[in-house]
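*Asks:*
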DNA sequence: CCCTTTCCGCTACTGCGGTTTCGTAAATCA
DNA sequence: TGATTTACGAAACCGCAGTAGCGGAAAGGG
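Chains as they are written, first to last, in full-length UniProt numbering: chain A, 1 to 192; chain B, 1 to 192.
1. For residue 181 of chain B versus residue 150 of chain A, is the C-beta spacing smaller than 7 Å?
2. Let me know the alpha helix (DSSP H) ranges lying completely inside the region 62-102 of chain A, each 4 residues or longer, listed in chain order.
3. Check whether the Cβ of residue 164 of chain A lies closer than 7 Å to any Cβ atom in chain B.
4. When you compare only the Cα positions, how much space is there between residue 170 of chain A and residue 184 of chain A?
5. Between the C-alpha atoms of residue 50 of chain A and residue 106 of chain A, what's the straight-line distance to the nearest angstrom?
6. Below 7 Å CB to CB, which residues in the same chain sit around residue 78 of chain B once its five sequence neighbours on both sides are set aside?
7. Please classify residue 131 of chain B: does DSSP put it in a helix, a strand, or coil?
8. Using the three-state DSSP reduction, which class does residue 141 of chain A fall into: helix, strand or coil?
9. Going by DSSP in three states, residue 7 of chain B sits in which element: helix, strand or coil?
10. Can you look up residue 178 of chain A in the DSSP assignment and give me helix, strand or coil?
11. Which residues in chain A have a C-beta closer than 7 Å to the C-beta of residue 122 of chain B? List them in chain order.
12. If the cut is a Cβ gap below 9 Å, which residues of chain B does residue 169 of chain A touch?
13. Considering just the uninterrupted stretch of the alpha helix (DSSP H) at residue 157 of chain B, what are its terminal residues?
14. At a cut of 8 Å, does the region 144-163 of chain A reach the region 82-99 of chain B through at least three beta carbon pairs?
15. In chain A, which residues lie less than 8 Å from residue 179 of chain B when you measure between Cβ atoms?
16. Within 10 Å of its beta-carbon, does residue 10 of chain A have 16 or more other beta-carbons around it, so buried, or fewer, so exposed?
17. Would residue 155 of chain B and residue 90 of chain B be called neighbours here (beta carbons separated by less than 7 Å)?
18. Can you look up residue 118 of chain B in the DSSP assignment and give me helix, strand or coil?
19. Quick check on this structure: which residue in A:129, A:172, A:6 has the alpha carbon closest to the alpha carbon of residue 71 of chain A?
20. Would you tell me roughly how many angstroms separate the C-alpha atoms of residue 31 of chain A and residue 18 of chain A, rounded to the nearest one?
21. Is the region 160-168 of chain B close to the region 118-128 of chain A, with three or more CB pairs under 8 Å?
22. Determine, using beta carbons only, whether residue 33 of chain B and residue 15 of chain B come nearer to each other than 7 Å.
23. Compare the Cα-Cα distances from residue 58 of chain A to each of A:153, A:23, A:176 and report the closest residue.
24. Beta-carbon within less than 7 Å of residue 47 of chain B's beta-carbon, same chain only, minus the 5 sequence neighbours each way: which residues are those?
25. Interface residues of chain A around residue 153 of chain B at Cβ under 7 Å?
26. Find out if the Cβ-Cβ distance for the pair residue 86 of chain A, residue 21 of chain A is shorter than 7 Å.
27. Have a look at A:126, A:75, A:7, A:61 and flag the residue whose alpha-carbon is nearest the alpha-carbon of residue 157 of chain A.
28. Which residues in chain A sit within 9 Å of residue 115 of chain B, going by Cβ to Cβ distance?
29. I want to verify the contact list: residues of chain A whose CB lies under 8 Å from the CB of residue 98 of chain B, in sequence order.
30. With DSSP run on the structure shown, which of helix, strand or coil describes residue 57 of chain A?
31. Between residue 94 of chain B and residue 175 of chain B, how many whole angstroms is the CB-CB distance? I'm expecting something under 8 Å.
32. State the Cα-Cα distance for the pair residue 64 of chain A and residue 113 of chain A, rounded to the nearest angstrom.
33. Output, in chain order, the set of chain A residues within a Cβ distance shorter than 8 Å of residue 105 of chain B.
34. Applying a beta-carbon distance threshold of less than 9 Å, which residues of chain B neighbour residue 33 of chain A?
35. Between which two residues does the alpha helix (DSSP H) harbouring residue 37 of chain A extend?
36. Ignore the nearest five residues each way along the sequence and tell me which others in residue 162 of chain A's own chain have a CB closer than 7 Å to its CB.
What follows is the structure, encoded as structure tokens:
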């Protein structure tokens, strides 16, 4: 009694998610209209609602689908690793439309399910930083009187803070300064 | 050439702001409907739009209106001051509905004018922290190899980061840890 | 081959909420 | 008083989330 009736078109899911991602990138969460997603995907709106019961559900699925992680392999220099990582995250954030980040945060604040999926989206970055910070602590580069989690927040948090609140730019220099502030000045920095 | 034409009803502003506050408290940002605000204020929607060009502008004005700033008078202990200030900001943030903060950020990301208003909204807090950090630097409590602005970001940024991104709670302990991380451990902390 | 079931695309419709249009009221200026 | 300028309220406009009803398509069961 499994395959009764006409089977679902297997291509639909992919096409819809792809279209939705494009719309989300372009217009943000609020600007994402189901009508447009349907049109872009070459699919009827009802077909979308047959798979996802609401716009929020669709976005949840979509975010899980996104997952473009910051590429990163750790070397033996923790300071360099950390700088590279924070800089990379800053670059990702600046290349992402600010409205997207803000809208995702807003949607997450409103809907627990979205909150969860969005959190997993950022979690990868967060975790990567945590690992490097832990390694730096092992290497004795960091004062150990503070929990690593807090240091991570102080490295990554300011990026979101600038992006969403103060509106200041996320330059590579800024990223470097953040790392310097947490690790203390390196030998080369102290010359200036 | 001042008073040409029919003068604006002076009572409108207050009535609308009051009504909007009530609606915001009751329904949140998204649930705040201009229709209901107008009805509750006993005013036509156009009358609202003549004074504020959009819902977001109205909400910004509203928040500015009820703005009871973080009260703060600096004492002679910079560490204590800073802890108190960061803790107070954290408390304010947690007592504010998260959606409101997120929605304001989203609105700001979408519209430059709103961005400006919202920025001035947070600016007071930011400035207060900056002053105390500068004072702490004068007192030799802070390593001087980092610009004060960055330290401020590392004190305040994590609060917004937790609130909007990771969703972790903003406890007083967390605020204290942030300060400790920036200033280094105090004598009393080192005992533990 | 029909029958049933499920999917699909299409169109229209409801309801809601932000924003605008328009006719009219209240003020100043000549 | 009459022309002009600005404010006001009512109603309309518009976009969008979500639903409903249709004819037709693609599968399986008899």
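Backbone N, C-alpha and C fix where the C-beta goes; we use that ideal spot for every residue, glycine too.
Source: prediction; values computed, not measured.
*Replies:* Straight from the coordinates:
1. yes
2. 78-95
3. yes
4. 20 Å
5. 26 Å
6. 132, 135, 136, 139, 141
7. helix
8. coil
9. coil
10. helix
11. 165
12. Those do not exist, as residue 169 of chain A stays about 13 Å from chain B at its closest Cβ, beyond 9 Å.
13. 148-161
14. no
15. Under the 8 Å cutoff, chain A gives no residues; its nearest Cβ is about 10 Å from residue 179 of chain B.
16. exposed
17. no
18. helix
19. A:129
20. 16 Å
21. yes
22. no
23. A:23
24. 12
25. 158, 161, 162
26. no
27. A:126
28. 167
29. 109
30. helix
31. Residue 94 of chain B to residue 175 of chain B, Cβ: 10 Å. No contact.
32. 12 Å
33. 102, 105, 106, 164, 165
34. Neighbours of residue 33 of chain A on chain B: none; closest Cβ ~15 Å, over 9 Å.
35. 34-41
36. 168, 170
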